[in-house]
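Residue numbers (my numbering): 6 to 259.
#1: Assign residue 226 to one of two classes, buried (16 or more other C-beta atoms within 10 Å of its C-beta) or exposed (fewer than that).
#2: I want to see whether chain B comes within less than 8 Å of residue 26, judged by CB atoms only; does it?
#3: For the beta strand (DSSP E) holding residue 207, just list the boundary residues, first then last.
#4: Nearest to residue 100 by CA position, among 133, 121, 155 and 138, is which residue?
#5: Quick one: Cα of residue 102 to Cα of residue 45, how far?
#6: Going by the CB atoms, is the gap between residue 143 and residue 164 shorter than 8 Å?
#7: Rank 125, 145 and 38 by C-alpha distance to the C-alpha of residue 12 and give the top, closest one.
#8: Flag this pair as yes or no: are the beta carbons of residue 69 and residue 127 separated by less than 8 Å?
#9: Check each candidate in 135, 255 and 190 and name the one with the smallest Cα separation from residue 158.
#10: Can you find the residues in the same chain that come closer than 7 Å, C-beta to C-beta, to residue 105, ignoring five residues on each side of it along the sequence?
#11: Using the beta-carbon count (16 or more within 10 Å), is residue 115 buried or exposed?
#12: Beta carbon of residue 15, beta carbon of residue 64: below 8 Å?
#13: Verify whether the separation of the beta carbon atoms of residue 91 and residue 26 is less than 8 Å.
#14: Closer than 8 Å is the cut-off here; do at least three beta carbon pairs connect the region 77 to 88 with the region 52 to 60?
#15: Just to confirm, is the Cβ distance from residue 49 to residue 24 under 8 Å?
#16: If you follow the beta strand (DSSP E) that residue 149 is part of, which residue opens it and which one closes it?
#17: Name the DSSP beta bridge partners of residue 132, please?
#18: Determine whether the beta carbon atoms of residue 183 and residue 148 lie at a separation below 8 Å.
#19: Please classify residue 208 as buried or exposed, where buried requires at least 16 neighbouring CB atoms within 10 angstroms.
#20: What residues match up with residue 220 in a beta bridge as DSSP calls it?
#21: Quick one: using the 10 Å Cβ neighbour count with 16 as the cut-off for buried, is residue 108 buried or exposed?
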C-alpha cells in the first residue's frame, strides 16, 4: 500500500510545490513509483511538469465534483517514467463554496484516492497556501504531512494554526495522521537570519526536523520555466542533490 504524504504550509512561497515535484522525481530515481496530486487551484505543480491546465478536459476538480468519476481516469504520465500526476485547474477555486454543503465533504479526496494508492509507492499531495476545505481533504487522506519552513522573516507566522489544524484533523477525521517532518527551505548560509530560523526550528521541533536542508539555489526556481524537476534539467546541481538527500531520508524513516 502506497504512503500518502501531504505537503502543507499556511504560508505561501515556502516551497510546497517545488518540494512535491523534486521529491517525487528523486524518489523515482530510487526505483519508487510516485503519484503527484495537485490540490492547488493555481495549478503550480501541473504547470511545473509542463502540463497546461487550460488544455485539459478534466482535472481533480471534476473527480471531486462527480461521485461517479474515478481518480484513475485523470491520471497523466509525466515526462519521467514512474512519475504520474493528477492535474489541477482554476475551477478548483470554487471548491469551498461548491462542496461546502455536501455530506462527507472533508473525505471527498480520500474516497477517490484509497482505491488507487496501492498502485504507487508514494502519493504526494501538493496543498495550496490556505487551510480551507481542499487542504482539509488532503490531510484527511494522508498518512503524514511534510511542513516546509522558509528560512526567512515571518516564516514561523501562522505555523501554530497549521499544527492546530493537523491536530484537529487527527481528532476528527484521520487519527493516524502524523507529521512526517519539518523541512527547512531556501536556506542561505551567508545570512544570519537563515541560521537563526534554523536554530529556532530545530530547538522547537527537535528530531521532527529533517536533517536535509534545501538550500536557496536559482536552479530550483527555474523549474516552472523548464517544465520539469531539477533532477532532469540540472541533474548535478546542488538543488537536485538536496532533494535526492531528502528522498533517501524519507525512505529511511519508513
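Cβ coordinates follow ideal geometry from the N, Cα and C atoms, glycine included.
For this structure:
#1: To locate residue 226, count along the chain shown from 1; it is residue 221. Counting Cβ neighbours within 10 Å, residue 226 comes out exposed, since fewer than 16 surround it.
#2: Within the model displayed, chain B is absent; a lone protein chain is all it includes.
#3: Locating residue 207 in the chain shown gives position 202, counting from the first residue. Secondary structure note for residue 207: it is in no beta strand (DSSP E), and the uninterrupted alpha helix (DSSP H) holding it is 197 to 210.
#4: In the chain shown, the residue the question calls residue 100 occupies position 95. Nearest C-alpha to residue 100: 138.
#5: Within the chain shown, the letter at position 97 stands for residue 102. Within the chain shown, the letter at position 40 stands for residue 45. Answer to the nearest angstrom: the Cα atoms are 15 Å apart.
#6: As a first step, residue 164 is located in the chain shown; it is residue number 159 there, counting from the start. As a first step, residue 143 is located in the chain shown; it is residue number 138 there, counting from the start. No; because the gap between Cβ atoms is not below 8 Å, this pair is not in contact.
#7: For the purposes of this step, residue 12 is identified with residue 7 of the chain shown, where counting begins at 1. Nearest of 125, 145 and 38 to residue 12, Cα basis: 145.
#8: By one-based count along the chain shown, residue 69 stands at place 64. By one-based count along the chain shown, residue 127 stands at place 122. No; because the gap between Cβ atoms is not below 8 Å, this pair is not in contact.
#9: Position 153 of the chain shown, counted from the first residue, corresponds to residue 158. Minimum Cα distance to residue 158 is reached at 190.
#10: The count along the chain shown starts at 1 and reaches residue 105 at position 100. Only 138 meet the Cβ criterion.
#11: What you label residue 115 is simply residue 110 of the chain shown in a count that begins at 1. Per the 10 Å Cβ criterion, buried.
#12: As a first step, residue 15 must be located in the chain shown, where it is residue number 10. As a first step, residue 64 must be located in the chain shown, where it is residue number 59. No, the Cβ-Cβ distance between residue 15 and residue 64 is not below 8 Å.
#13: Reading the chain shown from its first residue, position 86 is the one you call residue 91. Reading the chain shown from its first residue, position 21 is the one you call residue 26. No, the Cβ-Cβ distance between residue 91 and residue 26 is not below 8 Å.
#14: yes
#15: By one-based count along the chain shown, residue 49 stands at place 44. By one-based count along the chain shown, residue 24 stands at place 19. Against a cut-off of 8 Å, the Cβ pair of residue 24 and residue 49 comes out as no contact.
#16: Counted from its first residue, the chain shown places residue 149 at position 144. Where residue 149 is concerned, the enclosing beta strand (DSSP E) starts and stops at 149 to 155.
#17: Within the chain shown, the letter at position 127 stands for residue 132. DSSP lists 44 as partners of residue 132.
#18: Counted from its first residue, the chain shown places residue 183 at position 178. Counted from its first residue, the chain shown places residue 148 at position 143. Yes, these two residues count as a Cβ contact at 8 Å.
#19: Start at 1 with the first residue of the chain shown, and residue 208 comes out as number 203. By the 10 Å Cβ count, residue 208 comes out exposed.
#20: Start at 1 with the first residue of the chain shown, and residue 220 comes out as number 215. In DSSP, residue 220 forms a bridge with 192.
#21: Taking the first residue of the chain shown as 1, we reach residue 108 at position 103. Exposed, by the Cβ-count rule.
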